[in-house]
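Residues -3 to 600 in our numbering are what the sequence shown lists, from first letter to last.
Where is the CB? At the ideal position from N, CA and C, for every residue including glycine.
Just so it is clear, the structure is predicted and the values come from calculations on it, not from any experiment.
Following: one structure in structure tokens, then a few remarks.
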Amino acid sequence: MHSDAKADWDARIAIRSDEDREFAFPDLDPPKEVTAVGGVGQVTIDWSPVPGAVGYLILRGPEDGPLEPVDHHSGDVLSVPAPPYVDTTCTPGTPYRYAVASVPEVTVAGRASDVVGAVPLLPDGSAPVVRVEVDAHAEGVELPRPWVPMVGSERLSQLLCKDLSGGREIGPELEQALRRMHDEIGVRTVRAHAIFHDDTRVYTEVDGEPVHDFTVVDAIYDKLLGLGLRPVVELGFMPRDLASDPSKTVFEYGAIISPPHSYERWGELVRALVQHLIDRYGLDEVLTWDFEVWNEANLEVFWSGTKAEWMRLYDVSAAAVKSVDPRLAVGGPSSAAAGWVDDLLAHAARNGSPVDFVSTHTYGSPPLDVRASLERHGFGEARILWTEWGVTPTHFNPINDSVFSGVFLLRGMKSAAGRVDALAYWVASDHFEELGRPPRLLHGGFGLQTVGGLPKPRFHAMSLLSRLGPVQLPVAFAGDGGGSLVEAWASRDRDRVAVLVWNLTLDQTKASGEPALTRTVTVEVAGIDTEWEVTATVLAPGSGDIATAAADLGIGAWPTDQQWPELAARSALQSISVQPEGPGVTVTLPMPSAVLLEWRPRMR
């Protein structure tokens, strides 16, 4: 890892750009019907949703002290999109006071609700019981799949890279990782940075005049479309010859974050790219693509200009895209931590710039419900694309290799289902080098797959999601943590019922587990043929768990040639037959863990 790039990143990543506004956020009512119920090792807080809220902030204090936001140590946004919330950062046996505040925008919290009290309970040596009830004959609805539309990737020029990382050639391995996302998970598009970075050679100035060259872009996109995937075209970063200040950079590869020295020439570059893509791939194809303006300009580390300069960049970019064909989709603000969504929408409402989709990012929590922001500014028809999302924004964080991160993915996707158009996990592969190439196999990389293409628990979680059926069935919960700590997603095929159940807190201090949060879970499927057989596929510490498998094998920085196949076998998901008890199955779920239960007609 390059120390200068990392030091710069660490120093500036948390510095938000201009948050001054020329508009006011609504004064939302605090939530009503707030309750707090203590269970073993946890308190579950519930409330009634408030119109206009994009999320809620949970506040907690001791019996005689001030209320402060509950920090689940995600390193990003603490607001959550909807009730309930399970607090496991509390000390069992200690009385607490809780309140909830409505959030109209991520940097603003409203008035606190009435205060309620609760005491998290001490464990008594037995795991509390949670009941999960599913009706196999319910009419159901179509099961949303927010993981299918999009996944994130390292900059796609790496598809052409012949360098080695961990002894593996980067280009073919990144290509294979993306192919697997398409073929096994069903992902349709890939969002990546830096299509205008100088390694793609799209823009130079010769004798003071612009020269456009899309040869490298063609090679990149030809490969991607050959996999059955489409690009989300993130318009950035700034070509050196077009930058007003080429010294302003981010990442080890030196992406330039400066505004252009000529907005007119920037617009010409965007227009030329879009026209070229249509000439090469056809209008019908490119009409299915999304054009996203820049990346996280609301962080100083990604945009050296002002908010006003970025708004101008958006206006010029959107006009350039639409000048080729008004039906092409353009959007933003592609912001960090759910910021600047209202800022862009208010700006666009004033000046008439198009916003076909809103894109933003968050880490460590389910994505906020920005539908309220879109409706507030008159953009209720715009799509919502979370073009980056993950368990942590921190590079080289061991949590990325953990079972906790896989179960976190399940929780976030279920929360987003039906209210977002895409929730793109960041990123597909550990062939990723923003702050340097991987120093070892398990280095806490953002990838769903390792260098070498082995699935991490987050990829396994995607696999479990992809095995859910087309019809979503209603689920009811009872017991300590049912519906908050323990969640479920139930589905039906023509000859199968699949119920995915997991146990998770957002509290990352418990990422390696907490015995007090273990639950005995009974899943009952009403109306199921009791003669059907049941299989269980478990994602838990020691099962589908590459970190534990690598430790058990004594793997050093990189596996030996003999260790690769053994590590692949030991870290794979395994399915086993289980014995149902009538319409139900009982399993023990530690925190974190998940199990996919599948009922099928018995083979005769």
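Check: Do the CB positions of P453 and D503 come within less than 9 Å of each other?
Finding: no
Next item on the list: Would you kindly report the start and end of the unbroken beta strand (DSSP E) that includes L55?
Entry: G51 to P58
Check: CA-CA distance, S122 and L585?
Finding: 13 Å
Note to self: How far does the beta strand (DSSP E) with F473 in it extend, from its first residue to its last?
What the structure shows: V471 to G475
Next item on the list: Could you check the C-alpha separation between M(-3) and L437 for me, to the nearest Å?
Entry: With a pLDDT of 44 at M(-3), under the threshold of 50, the predicted position of this residue should be treated as unreliable, and no value is reported.
Checklist line | Residue range of the unbroken alpha helix (DSSP H) whose run includes N347 | finding: V337 to N347
Next item on the list: Could you have a look at S571 and say whether DSSP puts it in helix, strand or coil?
Entry: strand
Check: Among R187, D352 and S361, which residue has its Cα nearest to the Cα of G71?
Finding: S361
Margin query: Can you confirm whether the stretch 92 to 105 touches the stretch 540 to 552 when touching is taken to mean that 3 or more C-beta pairs between the two stretches lie within less than 8 Å?
Written below: no
Note to self: Just verifying my parser: in three-state terms, what is the DSSP assignment at F353?
What the structure shows: strand
Next item on the list: Measure how close the beta-carbons of A78 and L469 come, nearest whole angstrom, since I'm counting them as under 8 Å.
Entry: The Cβ separation is near 20 Å, so there is no contact.
Checklist line | Cβ pair M234, R187 closer than 9 Å | finding: no
Item checked: Distance between P242 and I253 (C-alpha atoms, nearest Å) -> 8 Å
Next item on the list: Compare the C-beta of A114 against all C-beta atoms of chain C and say whether one is closer than 9 Å.
Entry: No chain C appears in this structure, which consists of one protein chain only.
Next item on the list: Consult DSSP for M177 and reduce its assignment to one of helix, strand or coil.
Entry: helix
Check: Which same chain residues, not among the five before or five after D491, have their C-beta less than 7 Å away from its C-beta?
Finding: R596 and P597
Checklist line | C-beta contact flag for V423 and E169 at 9 Å | finding: no
Item checked: Start and end residues, beta strand (DSSP E) containing S98 -> Y92 to V99
Check: Is it the case that the Cβ atoms of A532 and V581 are separated by a distance below 9 Å?
Finding: yes
Margin query: Can you look up Q558 in the DSSP assignment and give me helix, strand or coil?
Written below: coil
Checklist line | Which of helix, strand or coil DSSP assigns to P597 | finding: coil
Next item on the list: Give the straight-line distance between the Cα atoms of T356 and A95, rounded to the nearest whole angstrom.
Entry: 28 Å
Next item on the list: From the DSSP output, in three-state form, read off M(-3) for me.
Entry: For M(-3), the predicted structure reports a pLDDT of 44, less than 50, and the residue's modelled location is therefore unreliable. A value from the coordinates is still provided. Correct three-state label for M(-3): coil.
Check: Would you call the CB atoms of L496 and L444 closer than 9 Å?
Finding: no
Item checked: C-alpha distance - L225 paired with F442, whole-angstrom precision -> 20 Å
Margin query: Can you tell me where the alpha helix (DSSP H) holding Q271 begins and where it ends?
Written below: Y259 to Y277
Next item on the list: For T211, name the three-state secondary structure that DSSP assigns.
Entry: helix
Next item on the list: Would you grab the beta carbon distance between I542 and S573 for me? Rounded to a whole angstrom, and I think it's under 8 Å.
Entry: The pair is not a contact, with the Cβ atoms about 25 Å apart (cut-off 8 Å).
Next item on the list: Please name the residue in H456, R488 and G578 whose C-alpha comes closest to that of P537.
Entry: H456
Next item on the list: Check whether the stretch 197 to 208 touches the stretch 284 to 296, counting contact only when three or more Cβ pairs, one atom from each stretch, lie closer than 8 Å.
Entry: no
Item checked: DSSP-derived helix/strand/coil call for A420 -> strand
Next item on the list: Return the first residue and the last residue of the alpha helix (DSSP H) that P227 is part of.
Entry: First-last for P227: R226 to L231, but that is the beta strand (DSSP E), not the alpha helix (DSSP H).
Item checked: Residue burial classification, E180 (beta-carbon count within 10 angstroms, cutoff 16) -> exposed
Margin query: Checking the sheet assignment: what are the DSSP bridge partners for T505?
Written below: According to DSSP, which records beta bridges pairwise, T505 is partnered with nothing at all.
Check: Where I395 and E264 are concerned, what is the direct C-alpha to C-alpha distance, given to the nearest angstrom?
Finding: 43 Å
Notebook entry, point to check: Going straight from the alpha carbon of M177 to that of L152, what length do you get?
Noted result: 15 Å
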